[in-house]
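In the order they appear, the protein sequences are chains A and B.
In terms of the numbering used here, the first sequence opens at residue 609 and continues consecutively.
In terms of the numbering used here, the second sequence opens at residue 66 and continues consecutively.
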Amino acid sequence: MSELIKFVEAESKAVKEKLPAFGAGDTINVHYKIKEGNKERVQQFQGTVLQVRNQGSNGETFTVRKISSGIAVERIFPILSPNIEKIDLVRRGRVRRARLFYLRGRKGKAARIKEKL
Amino acid sequence: MPGIIGRKIGMTSVYNEEGKNMACTLIEAGPCVVTQVKDKESDGYRAVQLAYGERKEKNTPKALKGHFAKAKTTPKSKIVEFRDFREEFEDKVKLGNSISLDDVFVEQDFVDVIGTSKGKGFQGVVKRHGFGGVGQATHGQHNRLRAPGAIGACSFPSRVFKGLKMAGRTGGERVKVINLKVVKIYSDKNLVLVNGPVPGAKNSYVILEK
């Protein structure tokens with residue numbers, strides 16, 4: 609990649625450094641700002657990180673999966689989005705691959721992830 | 066039209082205040098040297114000729130060497146004329162002066178970008194003109210999927226009309242994209258971020274116009 613593009617993207621590094629380092633298998637809690645009319649509130653979304661895409665670029669996103677009243681919900685967040693207020697790292701998971709799509713076919717006990725200590 | 070010459074660096078993306086991700090093109094533009102000022106009396110119209118990009122002395126024809134010497138500058142590789150440039154820039158536009166990004170654009174401006182699109186070679190009508198192809202893949206079709214179909218009538222006019230859209234060389238032509246927003250200007254590095262894609266390959270010359 610061109611040095612000049614790196615120079616432009618370096619600005620976003622400061623945003624990323626405020627967030628905890630996390631990866632696939634970790635459980636995180638995303639505080640996401642939501643605008644309703646002219647009111648703004650913060651919504652929390654807690655779940656397992658399935659994957660982190662386009663790592664290191666300005667277009668980096670991550671997918672979080674949670675089971676909400678029996679229905680699985682997956683949400684993709686852009687990591688540099690100004691709407692992310694903060695991210696809490698709840699639990700670190702020990703997994704053997706970078707993309708945990710196999711979790712989609714599992715539920716309950718089978719979908720557990722071992723904690724990384 | 067005021068403008069400046071630049072070089073396409075590549076694409077990246079930034080977020081605006083609303084949290085929307087905008088695809089942006091990074092362009093290194095200017096500083097350009099004024100190599101000629103045309104006016105109504107001597108040339109019949111008002112224009113400014115700008116030059117940009119380094120060029121080796123040995124690769125420059127003698128005629129151009131003299132042209133650049135008049136402006137007291139080193140040989141440049143890209144020369145572009147901008148018509149009706151001067152009205153607001155009367156004091157800056159003097160032979161040999163350099164014009165940088167800040168002189169012409171501010172952030173949030175809308176600019177037009179002109180470049181030479183990437184050459185695609187000999188292409189069929191589907192890619193070249195956006196034809197739909199010949200419909201189904203089934204019902205006996207086997208080799209007509211991307212064909213142009215009929216190209217005219219029969220014994221009258223007994224010829225194919227000129228300018229009919231057919232296969233041929235695609236790309237590599239001058240393309241202008243209009244109304245791209247200037248997202249950010251890095252004046253110390255002569256860089257400008259515009260919202261949206263820009264024609265041409267990386268490192269190719271582009272012209273930014275207001």
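A virtual CB, placed ideally from N, CA and C, is assigned to each residue, including glycine.
Residue range of the alpha helix (DSSP H) that residue i falls in?
i: B:D108; result: 105-108
i: B:K130; result: 127-135
i: B:H204; result: Note, B:H204: premise wrong, no alpha helix (DSSP H); not H, not E.
i: A:A622; result: 621-625
i: A:I613; result: 611-617
i: B:D168; result: 166-169
Please list, in chain order, all residues of the same chain as residue i whose beta carbon is under 8 Å from its beta carbon, the five residues on each side excluded.
i: A:R699; result: D634, T635, E723
i: B:K143; result: I70, A116, Y117, G118, Y270
i: B:S78; result: N86, M87, A88, C89
i: B:Y80; result: N86, M87
If you measure from the beta carbon of residue i to each beta carbon in chain B, is any gap under 8 Å?
i: A:V657; result: no
i: A:I687; result: no
i: A:L725; result: no
i: A:N691; result: yes
i: A:N666; result: yes
i: A:I613; result: yes
Can you name, in chain order, every residue of its own chain whose Cβ lies under 6 Å from the Cβ of residue i, other than the five neighbours on each side?
i: B:F133; result: P140
i: B:K103; result: A112
i: A:T746; result: Past the boundaries of the shown model lies residue 746 of chain A; chain A is included only from 609 to 725, so the question cannot be answered.
i: B:S163; result: P96, V98
Here's a check: name, in chain order, each residue in its chain whose Cβ is nearer than 7 Å to the Cβ of residue i, leaving out the five neighbours to either side.
i: B:R309; result: Since the first residue shown for chain B is 66 and the last is 275, residue 309 of chain B is missing from the structure and cannot be characterised.
i: A:V623; result: L688
i: B:G184; result: G236, G237
i: A:K641; result: E648, V650, N691, E693
i: A:L697; result: P628, F630, D634, I636
i: B:R151; result: R111, V113, V158
Comparing the C-beta of residue i with each C-beta of chain A, is any distance below 8 Å?
i: B:S78; result: yes
i: B:I49; result: Residue 49 of chain B falls outside the range modelled here, since chain B spans only 66 to 275, and no answer is possible.
i: B:N124; result: no
i: B:F103; result: The amino acid occupying residue 103 of chain B in the given sequence is Lys; Phe does not appear at that position. Cβ-Cβ to chain A under 8 Å: no for B:K103.
i: B:N260; result: no
i: B:N86; result: yes
i: B:E82; result: yes
i: B:K254; result: yes
i: B:L91; result: yes
On the criterion of 16 or more Cβ atoms from any shown chain inside 10 Å, does residue i qualify as buried, or is it exposed?
i: B:C89; result: buried
i: B:A136; result: buried
i: B:I74; result: buried
i: A:P686; result: buried
i: A:A617; result: Contrary to the premise, residue 617 of chain A reads as Glu rather than Ala in this sequence. Burial call: buried.
i: A:A632; result: buried
i: B:P264; result: buried
i: A:L612; result: buried
By the DSSP assignment, the beta strand (DSSP E) with residue i in it spans what residues?
i: B:K249; result: 239-251
i: A:R649; result: 647-661
i: B:R193; result: That residue, B:R193, is in no beta strand (DSSP E); its alpha helix (DSSP H) goes 190-194.
i: B:N260; result: 256-260
i: B:M76; result: 68-80
What residues of chain D sit near residue i, judged by a beta carbon separation below 8 Å?
i: A:E617; result: Checking the listed chains, one finds no chain D in this structure; the protein chains it contains are A and B.
Using a Cβ distance threshold of 8 Å, determine whether the stretch 72-84 of chain B contacts the stretch 678-693 of chain A, with at least three qualifying pairs required.
yes
Quick one: any contact between the stretch 155-168 of chain B and the stretch 91-98 of chain B, if contact means 3 or more CB pairs under 8 Å?
yes
Answer yes if the stretch 653-669 of chain A comes into contact with the stretch 699-710 of chain A, meaning at least three C-beta pairs across the two stretches below 8 Å, and no otherwise.
yes
Taking three-plus beta-carbon pairs below 8 Å as touching, is the stretch 184-195 of chain B in contact with the stretch 217-237 of chain B?
yes
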